[in-house]
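Using mature numbering (1 follows the signal peptide of the UniProt record, and there is no 0), the letters of the sequence shown correspond one by one to residues -21 to -1, 1 to 985.
One structure is given here, and the rest of the page talks about it.
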Amino acid sequence: MYRKNLFFVPVLLGIFFAATAQETKVFYHEDKDFQDALNLYNNQQYQAAQSIFEQVKSTTKDEETEANSAYYSANAAIRLNQRGADKMMEEFVERYPTSTKRNSAFLDVADYYFETGKYPYALKWYKKVDVSTMSSKDKERFNFNNGYSLYASKRPKEAERYLSRVSNSQKYGSQAKYYLGYIAYEQDDYNEASARFDQITDQELLNEKLSYYQADLNFKLGNFEEAIAMAKKQLAKSDRREISELNKIIGESYFNLKKYDEAIPYLQKYRGKRGRFSNTDYYLIGYSFYKQGDYENAIKQFNKIIGGTNNVSQNAYYHLAECYLNLDQKTEALNAFKNASEMEFSPEIQKDALLNYGRLSYEIGNPYEPVPQVLKSYLDAYPKDEYQQEIQELLVDSYITSKNFEGAMTLLEENQNYASKETYQKVAFYRGVELFLDGDYENAIERFSKSLKNPENKSFEARAEFWQAESAYRLDRFEDALSGFTRFQKLPAAKNMSEYEELDYNLGYCHFKLKDYNNAVTLFKRMVSSGNIEDVKLADSYLRLGDSYFVTSRYSLAKKAYDSGSKLNGPERDYAAFQKALCDGFLGNGSAKIAGLNDFLRLNPKSSLRDDALFELGNSYVKSGQESEGLHIYDRLVDEYARSKFAPRALLRQGLVHYNANRNDEALTKLKRVVEKYPKTAEAKQAVTTAKLVYIDEGRVSEYAAWARNLDFVEVTDSELENASFEAADRKYAEGKTETALNGFEDYIKEFPNGVHALQVNFNIAQIYFSKGEKEKALPFFKKVADSGGEYQEQALTRVCEVYVGNGDYNSAIPYLEQLEETAEISQNRTFAQSNLMKGFYGKKNYDLTIEYAEKVLGASKIDNRIKSDAQIMIARSAIETGDENLAETAFAEVKKIATGELAAEAWYYDAYFKNKAQDFEASNASVQKLAKDYATYKEWAGKGLVIMAKNFYALDDAFQATYILESVISNFSEYEDLVAEAQGELSIIKSRESQRNSSVDPNGN
């Protein structure tokens, strides 16, 4: 066995060594087939050799030849990449365990896989090698090849053990030191790497491979000048990938030497890892441009840094903000400062960023969070800061500029040292005005009262008095209003204010509502003769002057005033013409009255007073003896205005005319028609009474009794008791003793539910409950009056609608609103009905009717901007729902001109939306900024605007702004799920795109 092992030395590269011992034929076979196969094998003709070796193996009787044939056949299979080649070699080892080629087989196969670059396969076979039987030369090759295979298989620690064994080898030493150095380099052990590289003496290796790593090592060791020199030397002889990396080394070395102008061209030549930059790469170029004062190019680099959460990102965002500020791009600076302020890597940068974020929020508004909250957070974080007073002042002003006056009042009430009493006075006044414009007059009065308790500024004191009085007037508190306007009149500061110019108008109305007509006349006369009043108010003053004369029976003066008013282009020209005709009647000129009423009907085909005019005309014809004309006009009234309160009156008058003319059958026909069509009205009760007289005259009492028994609203009552019950309660009501009156009215209804005064009593009960704020209790009484018709119907209808609309119950409101629209004589009530029908139909998604009613509202005269903006917004929203964006854009543009509060916020959002669609991205951003500054309290619209802004910025190639805004929406608007979902979708798209050029960005959007 020993002699066999001695003679069968390992074979390398197909060379066989023959040896002479006891017999010369031991290793030199005369077997021609084996020798032919061996020659083919040595000439790398493995397929042919394998075939012969397999044949020899199966035919030879020599055990050694058989083993050698199996060995070479398996080796050929490996070199031919045949399936199962490994198994063939393993079978050889198992079958011929005493073969001298056993260890040679392991090493030879391993070396083959090593030379073909299949290092994991090589390691498998090197692991089988018995090193103890190897020559020193083979051991060196084994250690180097095994070590390199381990290194190539990313097992550096194991590789070090084998490569270290040949680090002093003459053949393998330089390469071993190179890889040992590179392992240390990859493990950031730069000193060890440098030491290894310095030991390499192979000049070719030094020239070709080491200059790049030595340049990088010097860079990482802080030897920037040497790194630059080595990298520049290596540039000319490097491939494309290494050139990119060398440019990075040179650029970053210049950067660290603060030679930013020299750094820029090299940093720009770097191509990134696999074509992608990292956030740090963008920071280096951006900061270099920033230090050169080239803010535009700095921004182009900084704003590619997205999703960063380290000190590099915090620095980048802070300097990005400074660049934006230098270019007066304050919205963009706000976002960058906010981002830097939210990172804690540098406390100094964090504080300064938060300070600037607060200042900018105050200056331009903040779409993410209320400006006061931003400033308060700075005061909380840095309570004894040198900027404390400045931020306190900005905090107070921020409430005012963002129109959060209620918040400002609360702040100043809790922190009186933050601002002066005068500031509080102004804030309380502005909050009062805000509530007044929203129609919340009770709370407006409370805020004006608080303002008046701090009368530091005389001008604001006067204005608070005026608007407090105006609020009282709107609540029908005419005495309080009169007192307030009078106090305002006496204040010296009032005389220089615009409110003072029309004070007589307000005072005149107060006296008019208080039925102090003499004073009303004096004041309205002063208004019409002032010469400094707009036409609409001038016309209105003439009419109220006429009304005051009319009520006090001064008909000639009344007619003159009405005549003057009718000549002006006021909304009540038809009313003036109607009243002029009435004056003629009261002045005894019946024919003039008839002519005037006929002219009125001819000239005012759409007037709400046509039913009034027809009734008066019918009365006038009857009074002048033109009975048939009068009866004809009454018929016309009933036919054209069947739901008018005058319709039952006209029928009743017809019945009375016939009765007085002894046409009893015709009288009964008309009287019964009143009862049939308008039951439970006062006219119906009067018709029953008159019909009773007719039947008595005819001697048909039993017939009357039979008819009356079927009428559920007719009772045989003690009329004296009924009247006494009513008059007792009514007297208390007139005296202002409402609780006592309420009890009396309720007792009356219990006793006489269908009494003569039931309609008025129901109305009075409803009014008392309503004035107490108990609207639900008032509702059923108002409904009874509204459903019955008669004198109080319009007022009752208005109240019923008001209660249902206030509760958001448009399904119940719509039938009453439609009735109010049809029957209202007061134009404001008709507009109220149309406005709420518009909203009701929008809620029911009937967009055609919504637009129809909105146009009716816009066509009404004498409506304020709040109602106009409501109508325009309904048109705009309906257009959006039906896909008519052209109409929507036009309507929102109109809303934007006149709206306040949330409607204005919505209009500005759509302004941004349509500009974004038109690809006018910068103008769209300006609209979002307006929305953020003036309407930030309407959070949902602010959030929707931010999503638009993010899209704008990404279209403008500012990925930082786009992603940061979307991330802020996701963080700060969680209560709006659809908004957050939209922001997440947009952010995912952007991050997916940005990951293709920025290796720091997760393509999954994380």
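Every residue gets a Cβ at the ideal spot worked out from N, C-alpha and C, and that includes glycine.
For residue i, the nearest candidate out of the options (CA to CA)
| i | options | result |
| --- | --- | --- |
| Gly126 | Arg466, Ser587, Arg140, Ser114 | Arg140 |
| Met113 | Tyr130, Lys133, Ala84, Glu440 | Ala84 |
| Ile328 | Asn305, Asp307, Leu354, Glu301 | Glu301 |
| Leu414 | Thr668, Ala423, Gly922 | Ala423 |
| residue 989 | Tyr554, Ala555, Gly575, Asp273 | Residue coverage of the chain in this structure runs from -21 to 985, which leaves residue 989 outside it and unanswerable. |
| Thr465 | Trp104, Trp446, Gly822 | Trp446 |
| Ala878 | Gln24, Leu910, Glu730, Tyr157 | Leu910 |
| Leu776 | Ile793, Asn345, Gly787 | Ile793 |
| Cys489 | Lys212, Ser52, Glu449 | Glu449 |
| Leu358 | Asn345, Leu373, Tyr347, Glu348 | Leu373 |
| Gly838 | Asp827, Tyr795, Gln851 | Gln851 |
| Arg523 | Ile512, Gly510, Gly544, Arg456 | Gly544 |
| Phe234 | Arg250, Phe256, Gly254, Asn202 | Asn202 |
| Lys469 | Arg442, Val145, Ala621 | Arg442 |
| Gln367 | Glu392, Lys400, Pro349, Lys330 | Lys330 |
Check whether residue i and residue j have beta carbons under 7 Å apart
| i | j | result |
| --- | --- | --- |
| Leu925 | Phe900 | no |
| Ala883 | Ile854 | no |
| Ile343 | Lys912 | yes |
| Ala155 | Leu142 | yes |
| Gly230 | Leu214 | no |
| Lys279 | Tyr239 | no |
| Ala387 | Val406 | yes |
| Tyr336 | Lys317 | yes |
| Asn931 | Asn904 | yes |
| Leu616 | Leu593 | yes |
| Gly463 | Glu444 | yes |
| Val782 | Leu758 | yes |
| Phe565 | Tyr534 | yes |
| Ala708 | Ala720 | yes |
| Leu650 | Ala670 | yes |
| Pro627 | Thr668 | no |
As assigned by DSSP and simplified to three states, the class of residue i
| i | result |
| --- | --- |
| Asn475 | helix |
| Asn977 | strand |
| Lys912 | helix |
| Val350 | helix |
| Lys923 | helix |
| Arg62 | coil |
| Met113 | coil |
| His736 | coil |
Residue i, buried or exposed, once every other Cβ within 10 Å from all chains shown has been counted against 16
| i | result |
| --- | --- |
| Lys970 | buried |
| His611 | exposed |
| Asp890 | buried |
| Gly96 | exposed |
| Lys818 | buried |
| Val636 | buried |
| Ile846 | buried |
| Leu630 | buried |
| Arg809 | buried |
| Asn396 | exposed |
| Leu582 | exposed |
| Gln772 | buried |
| Pro351 | buried |
| Asn54 | buried |
| Pro244 | exposed |
| Val530 | exposed |
| Glu965 | buried |
| Glu973 | buried |
Short CB-CB distance (under 7 Å) between residue i and chain B
| i | result |
| --- | --- |
| Gly564 | Among the protein chains of the structure shown there is no chain B, as only one such chain exists. |
Residue i CB to nearest heavy atom of the ligand ADP below 6 Å
| i | result |
| --- | --- |
| Glu919 | Judged by which ligands are present, the structure shown has none, so any question about the ligand ADP falls away. |
Q. Which runs of the alpha helix (DSSP H), 4 residues or longer, sit entirely within the segment 527 to 610?
A. Listed in chain order, the complete alpha helix (DSSP H) runs (minimum 4 residues) inside the segment 527 to 610 are 534 to 545, 552 to 565, 569 to 582, 589 to 602.
Q.
If we require 4 or more residues per run, which alpha helix (DSSP H) segments fall completely within the segment 244 to 326?
A. Uninterrupted alpha helix (DSSP H) stretches at least 4 residues long and entirely within the segment 244 to 326 occur at 258 to 270, 274 to 281, 290 to 305, 309 to 320, given in chain order.
Q) If you scan the segment 392 to 462 from start to end, which runs of the beta strand (DSSP E) of 3 or more residues do you find wholly inside it? A) none
Q) For the segment 621 to 693, which segments carrying the alpha helix (DSSP H) assignment without a break, of at least 4 residues, lie completely within its bounds, in sequence order? A) 625 to 639, 643 to 656, 661 to 677, 680 to 688
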